[in-house]
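Working notes, beginning with the structure itself.
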Amino acid sequence: EQITDAIERGARVVSGNRDVGSEGNGGAFALEPYILCDVDHTMDLMREETFGPVMPIMTFSDDDEAIRLANDSPYGLNASVWSRDRNRARGLANRLEVGSCAVNDAVKHVGIPSLPFGGVKESGIGRYHGPEGLRNFSHTRTVAIHRRMRGREINWFPFRMDIYKDLMAYLGIRFGVGSRFHRLLKTPALLGRVLRRVNR
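When the letters of the sequence shown are read in order and numbered with our numbering, they come out as residues 1 to 200.
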């Protein structure tokens, strides 16, 4: 269906049986490898996942356009960048919105258990393999131990108006929030009381 849609929208078949779905094509469960040119993102072939031997080819004028076209997809599992210039290829790989990218290879890293594998966007969340993959199969427990000798923190319930005012004054003096707090600098007694309370 994707190939038929692409051809009807102007794609040009470079290789493959043009009579899609015919008996000569092997029936419903067999498909000759296809190469199509003149494709664009109005075609289902370029907007949906294709599970078959189909290679759509698009041209681009510069790196920016190539990245824009590659990222114009709801999916982001894997990508490949091919170039004789490894530095340029690495720069392009870093701009692709994918979970992983191979340079001058295709999906090679899936077989490397030390590297995390997974997608972004509609290609899923989370990773398997690598340290990130191990963390996905674990549960993190947080245990916070109160080490202060005081019965309560200054910002805990129940609130008292005098503590609230002192805290507001301290924040104003410390961070200079509003001209009203600046005037408190002229009250050394209040400043000392606030600092003593906060630093207990």
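C-beta atoms are modelled at their ideal positions from N, C-alpha and C, and glycine is treated no differently.
With 16 other CB atoms within 10 Å as the buried threshold, where does D166 fall? Translated into the one-based positions of the sequence shown, residue 166 becomes position 166. Under this definition D166 is a buried residue.
V103 beta carbon less than 8 Å from that of R86: Reading the sequence shown from its first residue, position 86 is the one you call residue 86. Reading the sequence shown from its first residue, position 103 is the one you call residue 103. Annotated as proximal: R86 and V103, with beta-carbon spacing under 8 Å.
Would Y75 and E122 be called neighbours here (beta carbons separated by less than 8 Å)? Stepping through the sequence shown from its first residue, residue 75 is reached at position 75. Stepping through the sequence shown from its first residue, residue 122 is reached at position 122. Going by C-beta atoms, Y75 is nearer than 8 Å to E122.
Cβ-based neighbour list, S15, same chain, cut-off 7 Å, excluding 5 preceding and 5 following: The residue you call residue 15 lines up with position 15 of the sequence shown. Excluding positions up to five away in sequence, the list reads P33, Y34 and I35.
Check whether the Cβ atoms of H129 and F137 lie closer than 8 Å to each other. Within the sequence shown, the letter at position 129 stands for residue 129. Within the sequence shown, the letter at position 137 stands for residue 137. No. Outside cutoff.
Measure the Cβ-Cβ separation of L45 and A70 and say whether it is below 8 Å. Numbered from its first residue, the sequence shown carries residue 45 at position 45. Numbered from its first residue, the sequence shown carries residue 70 at position 70. With respect to A70, L45 sits apart: the two C-beta atoms are not nearer than 8 Å.
Counting C-beta neighbours from all protein chains within 10 Å, is the total for I3 16 or more, i.e. buried, or is it exposed? By one-based count along the sequence shown, residue 3 stands at place 3. Counting every other CB atom within 10 Å of its CB across the protein chains shown gives I3 a total of 16 or more, marking it as buried.
When we look at the beta-carbon of L185 and count the other beta-carbons within 10 Å, is it buried (16 or more) or exposed? In the sequence shown, counting from the first residue as 1, residue 185 sits at position 185. Any reading at L185 must be qualified, since the residue scores a pLDDT of 47, below 50, and its modelled position is unreliable; the value itself is stated next. Around the beta carbon of L185, a 10 Å sphere encloses fewer than 16 other beta carbons of the protein chains shown; the residue is thus reported as exposed.
Is there at least one Cβ from chain B nearer than 8 Å to M43's Cβ? Among the chains in the structure shown there is no chain B, since it carries only a single protein chain.
Endpoints, beta strand (DSSP E) assigned at N71: Sequence index remark: in the sequence shown, residue 71 carries index 71 (1-based). Boundaries around N71 are those of the alpha helix (DSSP H), D63 to N71, since no beta strand (DSSP E) includes it.
Output the distance between the C-alpha atoms of A79 and A106, rounded to the nearest integer angstrom. The residue labelled residue 79 in the question sits at position 79 within the sequence shown. The residue labelled residue 106 in the question sits at position 106 within the sequence shown. Going by the C-alpha atoms only, they are around 8 Å apart.
Would you mind sorting P53 into buried or exposed? The rule is 16 or more other CB atoms within 10 Å of its CB. Here the question's residue 53 lines up with position 53 in the sequence shown. It is exposed - the Cβ of P53 has fewer than 16 other Cβ atoms within 10 Å.
Rounded to whole angstroms, what is the Cα-Cα separation between F175 and M55? Walking along the sequence shown from the start, residue 175 turns up at place 175. Walking along the sequence shown from the start, residue 55 turns up at place 55. In this model, F175 and M55 are separated by some 60 Å (Cα to Cα).
Could you give the first and the last residue of the continuous alpha helix (DSSP H) run that contains Y164? For this step, residue 164 is matched to residue 164 along the sequence shown. From DSSP, the alpha helix (DSSP H) with Y164 extends over M161 to F175.
E86 (DSSP reduced to helix, strand or coil): By one-based count along the sequence shown, residue 86 stands at place 86. For clarity, residue 86 is Arg in the given sequence; the question names Glu instead. R86: helix per DSSP, three-state reduction.
What are the uninterrupted segments assigned as alpha helix (DSSP H) that are 4 or more residues long and contained completely in the region 33-66, given in chain order? Runs of the alpha helix (DSSP H) inside the region 33-66: 44-47.
Rounded to whole angstroms, how far is the Cβ of G91 from the Cβ of V120, which I believe are closer than 8 Å? Sequence index remark: in the sequence shown, residue 91 carries index 91 (1-based). Sequence index remark: in the sequence shown, residue 120 carries index 120 (1-based). Actually they do not touch by this definition, with Cβ atoms about 19 Å apart.
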